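Protein chains in written order, with our numbering: chain P, 1 to 101; chain Y, 1 to 632.
Here's the structure we're looking at; comments come further down.
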């Protein structure tokens, strides 16, 4: 059995689904954050798979951009979560609903 | 030398302008008295330049010079162009000459005022504006000067703005002048639409070729509206008596000698237009005659030392209007000049009295100042005689030339001559009353008042003006018409009215001198008594006297008919229209937005997972749509 691009896409789809469902159902900000990382990496996987399949380096190139952005996002996001945790003693996003209309 | 100054005639305006800017920024630091001396030398410099530039005109050179300074609004024919002809030269000399004397006088009068520097800033700004007005070569520059002198008038009337009456008087002057300017501006628009330019060179050079008789009448009437505002004629004279709230040098300079004559000057300048329209000219002369009589009758019953002079100014301006309205333009401008001398003198003398009496202005509390203030008293005697029209003082020649010319026109003008003659008697009467109550008789001062003569810096201008009031009339006597010869080029192409000649001239002069002497005699017998303040006329006709003392209640009538409805309208606009309709509209927009957002705000739950769900659902929906439509 050869591992074709379809497998990679399927895996990416499954990972993205796990990530998005996790994002929707979990309340801990840290866990939601990990879910987002999961979704980002699922997308990275599709990029690499498609790039290899089409013999185009652009796909792999895009991944670097995503990685860099994700790293920056982690820095900012974790800082916010830590700051919120320090003041609120909780990381549950349901507690943070001041923007309720 | 003269050529250089004429080519750079704007230097005359520049000097006081530099003074204004300098004093505006440094007036407080320069302080007393140097700020005053700087301002005086600026305007004095203008006078010297004016004299130099006028030399060729004195020598009989008739050519008018147009000096182009820079392009301003070429499309309107309104470039920064100045006109140097005999009329503007005479006005420049009167404005800067009398202005210099009053500036110097003010150094003494304003002594100790905490805003000394600022006062001279305004005075120099006024000089700048007035010189711009008289030197203009188009109606746009004229209008700029016209508005600027109005602004200076406002600033100086309300110079002591902490007094509510002064602040109100300043506003009144400004608003009443606006009404006049409204007509003036419409007149200028008609001129522009007819000629396509505002330049004197085109408009006043044979206007009859483009301006029909009807249009000329309309323009004449509209310009007259402006002139009645600025020159305090019926029905817009009401601001001038109140303008006496300003410091006395201001009353002398702006509200007697120069600014208020701007209307007369403007009519004289546009003589070519008035020559086209008999009705407009008659209107000018009639308004002048009525104003002269009306204001003179009010002046009789005033008790404020400056208000008498204020109404007298209105009355004398009326004479000038009679002059220019009768096409006796030279006579009108002649009276403008002599009046500038003796009325400035009267006001400065009144200021000297107020100064010496410790800010007392009520003439019923004066009397007996003759021995205390020798110089002031003597100069005031000269001024009183001059304004009363006794030969050979200045007022006699100019007033008689106006009356004689009006008589010479015949017809309706005879009526105006008669009104003027009655006014001459009233003038002699109220001026004698004024003089007797202030200077003669027994002292009626309040306790603690110690009258003293004013310092030299104030009395020297008085003496100079007194000399001018004595000899000023000789520039244009029936025997030697010097001024007429001088001014004639400025009225080229306009038929000037003249006094009758021969025996009739002597008869008319004799009659008016007789009337003046009667006025003086009656006043003398009435007031030169032990109890002069009892007002013999008030006992005989109390109702009439009360009306005259209150200016026939014109202020109250205007207050009821115009000001009160205006205030009602303003109150309605402010508290009903603005509050309910304008604010209602703005608030209504706010309320609608708030309602809509209240309806929509529950969408924002504040739970992140709700937002994420909507986002995910959107993406899923989008993907389904793409697949459904078969890709991009």
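For each residue, glycine too, the CB sits at the ideal point set by N, CA and C.
Every value quoted in this text rests on a predicted model; they were computed, and no experiment measured them.
Asked, Found
"Check whether the stretch 536 to 548 of chain Y touches the stretch 284 to 294 of chain Y, taking contact to mean three or more Cβ pairs, one atom from each stretch, closer than 8 Å.", "no"
"Using the C-alpha atoms, what's the distance from residue 226(Y) back to residue 179(Y)?", "8 Å"
"Give a yes or no on whether the C-beta atoms belonging to residue 174(Y) and residue 145(Y) are separated by under 8 Å.", "no"
"Compute the Euclidean distance between the alpha carbons of residue 120(Y) and residue 409(Y), then round it to the nearest angstrom.", "45 Å"
"For a test of the three-state rule: what should DSSP assign to residue 92(P), helix, strand or coil?", "strand"
"Got a sec: is the Cβ-Cβ distance from residue 98(P) to anything in chain Y below 8 Å?", "yes"
"Measuring alpha carbon to alpha carbon, tell me which residue in 595(Y), 183(Y), 185(Y), 207(Y) is nearest residue 194(Y).", "207(Y)"
"Indicate whether residue 100(P) and residue 170(Y) have their beta-carbon atoms separated by less than 8 Å.", "no"
"Starting from the Cα of residue 16(Y), find the closest Cα among 125(Y), 586(Y), 245(Y), 224(Y) and give me that residue.", "125(Y)"
"Would you say residue 613(Y) lies against chain P (beta-carbon separation less than 8 Å)?", "yes"
"How about residue 77(Y) and residue 198(Y): are their beta carbons less than 8 Å apart?", "yes"
"Output needed in chain order: residues of the stretch 48 to 60 of chain P with a Cβ under 7 Å from some Cβ in chain Y.", "none"
"Which residues in chain Y have a C-beta closer than 8 Å to the C-beta of residue 92(P)? List them in chain order.", "Under the 8 Å cutoff, chain Y gives no residues; its nearest Cβ is about 10 Å from residue 92(P)."
"For residue 316(Y), I'd like the list of residues in its chain whose CB is within less than 6 Å of its CB, leaving aside the five on either flank, ordered along the chain.", "339"
"For the putative contact between residue 20(Y) and residue 128(Y), defined by C-beta atoms under 8 Å, what is the C-beta separation to the nearest angstrom?", "6 Å"
"In the DSSP assignment, the beta strand (DSSP E) including residue 82(Y) goes from what residue to what residue?", "78 to 84"
"Please check the pair residue 368(Y) and residue 443(Y), which I expect to be a contact at CB under 8 Å, by giving their CB distance rounded to whole angstroms.", "4 Å"
"Check whether the Cβ of residue 609(Y) lies closer than 8 Å to any Cβ atom in chain P.", "yes"
"Note down, in chain order, every chain Y residue with its Cβ under 7 Å from the Cβ of residue 23(P).", "612"
"Please classify residue 641(Y): does DSSP put it in a helix, a strand, or coil?", "Residue 641(Y) cannot be examined here, being either before or after the span of chain Y that is shown, 1 to 632."
"Since residue 304(Y) sits in a beta bridge, which residues does DSSP pair it with?", "362(Y)"
"Checking 8 Å against the spacing of the C-beta atoms, do residue 53(Y) and residue 84(Y) come in under that value?", "yes"
"Where does residue 307(Y) land, buried or exposed, given buried means 16+ other C-beta within 10 angstroms?", "buried"
"Nearest CA to the CA of residue 93(P): which residue from 41(P), 33(P), 71(P)?", "33(P)"
"Assign residue 610(Y) to one of three DSSP states: helix, strand, or coil.", "helix"
"Taking the alpha carbon of residue 276(Y) as the point to measure from, which residue in 299(Y), 260(Y), 320(Y), 221(Y) has its own alpha carbon closest?", "221(Y)"
"If you reduce the DSSP assignment to three classes, tell me which class residue 587(Y) lands in.", "helix"
"Cα-Cα, which of 601(Y), 67(Y), 112(Y), 625(Y) is closest to residue 34(Y)?", "112(Y)"
"Kindly list the residues whose CB is nearer than 6 Å to the CB of residue 459(Y), restricted to its own chain and excluding five residues on each side of it in sequence; keep chain order.", "375"
"Under three-state DSSP, which class holds residue 65(Y)?", "strand"
"Helix, strand or coil, according to DSSP, for residue 326(Y) in the structure here?", "coil"
"Along the alpha helix (DSSP H) that carries residue 581(Y), what are the first and last residues, could you check?", "First-last for residue 581(Y): undefined, no H or E at that position."
"Determine, using beta carbons only, whether residue 62(P) comes closer than 8 Å to chain Y.", "no"
"Is there at least one Cβ from chain P nearer than 8 Å to residue 621(Y)'s Cβ?", "no"
"What would DSSP say about residue 469(Y), mapped onto helix, strand or coil?", "helix"
"At a cut of 8 Å, does the stretch 391 to 403 of chain Y reach the stretch 445 to 459 of chain Y through at least three beta carbon pairs?", "no"
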